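Residue numbers (the numbering used here), protein chains in the order written: chain V, 644 to 996; chain P, 438 to 762.
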């Protein structure tokens, strides 16, 4: 059997991260926003780590997909979005739900499939939804939700509400037809929508460049729809925040959609069943060195934030995750009756009215 | 009252809905300037503008996905997919998302949109333009699936579908668009979904059908009458929800049932009807339930259509066999 990178992706040349753009420390972002993002980064990180621990304890049944390492993207957008904006996410959607303010306990309980979950244990890890927070669902068949975001954007445009729809998706989504349908529709109708590709370099278990015609799966397609290619450092919350602010303002001004490719890396595998062994070791370790959290910690210290303030945030988040976990574990399992509710508008699932 | 055909009745319903509710939008390929491939939306863009009668690209996943998103944002989209075969690229949106979002979100939101799909044979265009695959929609929890066969029902059921809080697959029999005319009342009227229509009363055998096959089934009833067999003809109109009570009552009375559809036989909706009837009234049956259907093959080109589609003679023959048991 051949032993080159075409057969074993772990033997390929590693794709290494770019260095941190240190000039971003001087970006015009106020300290409160930055501290808020610091807290959010920790919430997403500690939530995902706890979710992983709960898998290992066999408390989370079924599969789940974590955003460990990728938290800066949801964080940056969450900080830049208006409360009434729409979010559409994928099966890897815990971070996006929490970044819109979904209650951490209800989110954790949903992962555990409990009655006190945000969806009563009906949605689980892959479908987190909270309409009250503008979190309009996590869509586990990729691509479709980009079209759905367009429709929500159309309605916002028609109602002149000023809302923007933001659709998050992975690099793999750029190769499915609905991605291209959605980009074209958004462009021809100049919709207030922002498409955010989280390029973590792997489509499930396969390097994205192996299965994609262009080097940058999203930015490389932008020109086909008359859009500017936007590439941002997805491991820097400030970079993401600035890109989000620009795209959201453009959408709200009636200047149409944006397509942003935020380059990042999954710390772990595709799902909980995947140790991610198809990746070159040097690549994994290099990206571990570009973890957004220690970098942001250093940046905030450099901007004069006292260490004590940052560690207080970390402790506060740790307590919140513990509280959320206890809340989730205390929830009841849904009864059999819940299977048959909420299929039709009459509340049930009867074959007939 | 105005005499209208089915296409005109649907146009009238869309006109009324667009006029009544500014949240209603119509979207699909060519529905604007051209009025749709079957001219069903003729003139609507002139009256309601290009932002409410929207020409989309040929991108069915996009059409249904956008419609779903519009519904999320409070609009009431009525989407047109030009032919049954063109609906398959949107099947992911329909099955994975539109049909399930109410359940997945625990009622917090839903996708109350109407997807109009012209379907069925008789226009000589083969395969994708002629198929009758209603069963791929009836199988999906969360959807309603209806098939009007008269101008009155087309208008009343479309307005009921637009009012309905659940997503509705609205199937329009292409070969009846301009083949059936009747007086249809002016103004808003709704025909509730889930009620079968007894097209013709009879005593000896119940012929159950829907959509375009109502025509051949009615003709079969006339043939049977000439041979002294009194056939009751029931047009289901609504497959989901299904009016099983009307069917059961009729079959309990006649003791015999023949189900007619132009879709392929295996896994067709006729099998579901037969299963429900045997659950409800097996011991009232004097003979096994029979199905007269399209064949388990690809819908053919024009010269072979008459071999594929059940005709009055095939239906009458099956009913006669049932009577001989």
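All C-beta atoms, glycine included, are put in the ideal place defined by N, C-alpha and C.
Values in this document were obtained by computation on a predicted structure and should not be read as measured data.
- Here the C-alpha atom of residue 812 of chain V lies approximately 10 Å from the C-alpha atom of residue 861 of chain V.
- For residue 698 of chain V and residue 704 of chain V, the gap between their C-alpha atoms comes out near 7 Å.
- A straight line joining the alpha-carbon of residue 521 of chain P with that of residue 597 of chain P spans about 22 Å.
- Here the stretch 644-657 of chain P makes no contact with the stretch 590-605 of chain P; the two share fewer than three CB pairs at distances below 8 Å.
- Runs of alpha helix (DSSP H) with 4 or more residues, each lying fully within the stretch 656-728 of chain P, are found at 681-691, 706-718, listed in chain order.
- Our two residues, residue 817 of chain V and residue 938 of chain V, have alpha carbons roughly 29 Å apart in a direct line.
- For residue 439 of chain P, the secondary structure class from DSSP, reduced to helix, strand or coil, is strand.
- For a cut-off of 8 Å, the C-beta gap from residue 877 of chain V to residue 906 of chain V is around 5 Å, short enough to register as a contact.
- A contact is defined here as three or more CB-CB pairs under 8 Å, and the stretch 709-728 of chain V fails this definition with respect to the stretch 493-508 of chain P.
- For the stretch 703-728 of chain P, the set of positions with a beta-carbon nearer than 7 Å to some beta-carbon of chain V is empty.
- Taking a beta-carbon distance threshold of 8 Å, residue 741 of chain V does not count as an interface residue toward chain P.
- Assignment of residue 745 of chain V by DSSP, reduced to helix, strand and coil, places it in the coil class.
- Following the DSSP letters along the chain, one finds residue 540 of chain P in no beta strand (DSSP E) but inside the alpha helix (DSSP H) bounded by residues 538-541.
- Assignment of residue 935 of chain V by DSSP, reduced to helix, strand and coil, places it in the helix class.
- Residue 758 of chain P is classed as exposed because its beta carbon has fewer than 16 other beta carbons within 10 Å across all chains shown.
- Residue state for residue 622 of chain P is assigned as coil, using DSSP reduced to three classes.
- Of all residues in the stretch 504-518 of chain P, the ones placed with a Cβ closer than 9 Å to any Cβ belonging to chain V are 504, 505, 506, 507, 508, 509, 510, 511, 512, 514, in chain order.
- In terms of beta-carbon proximity, residue 821 of chain V lines the interface with chain P, with at least one pair separated by less than 8 Å.
- Residue contact check for residue 740 of chain P against chain V: no CB pair falls below 8 Å.
- Counting the other CB atoms within 10 Å of its CB gives residue 932 of chain V a total below 16, which places it among the exposed residues.
- By the rule that beta-carbons nearer than 8 Å mark a contact, residue 628 of chain P does not touch chain V.
- Interface annotation, residue 772 of chain V: in contact with chain P, CB-CB separation under 8 Å.
- In this structure residue 566 of chain P is buried. Its beta-carbon is surrounded by 16 or more other beta-carbon atoms within 10 angstroms.
- Using beta-carbon distances, residue 573 of chain P does not count as an interface residue toward chain V, since no partner is under 8 Å.
- Residues of chain P whose Cβ lies closer than 7 Å to the Cβ of residue 824 of chain V are, in chain order, 496, 498, 499.
- Taking a cut-off of 8 Å on C-beta distances, the stretch 711-719 of chain P does not touch the stretch 624-631 of chain P, as fewer than three cross pairs fall below it.
- Look at residue 902 of chain V here: in three-state DSSP terms it is strand.
- The bridge partners DSSP lists for residue 453 of chain P come to none.
- Within a 10 Å sphere around the beta-carbon of residue 513 of chain P sit 16 or more other beta-carbons, which makes this residue buried.
- From the listed residues P/494, P/673, P/711, P/761, the smallest Cα separation to residue 832 of chain V is found for P/494.
- Going by beta carbons, residue 722 of chain P and residue 681 of chain P fall outside the 8 Å limit.
- In this structure, DSSP gives residue 782 of chain V an extended state, which the three-state scheme calls strand.
- Residue 670 of chain V is positioned such that its CB atom lies closer than 8 Å to that of residue 881 of chain V.
- For residue 931 of chain V, there are no C-beta contacts with chain P under 9 Å, since the nearest C-beta of that chain is about 35 Å from it.
- Here the stretch 685-692 of chain P does not lie against the stretch 700-710 of chain P, with fewer than 3 beta-carbon pairs under 8 Å apart.
- Around the beta carbon of residue 650 of chain V, fewer than 16 other beta carbons sit within 10 angstroms, so the residue counts as exposed.
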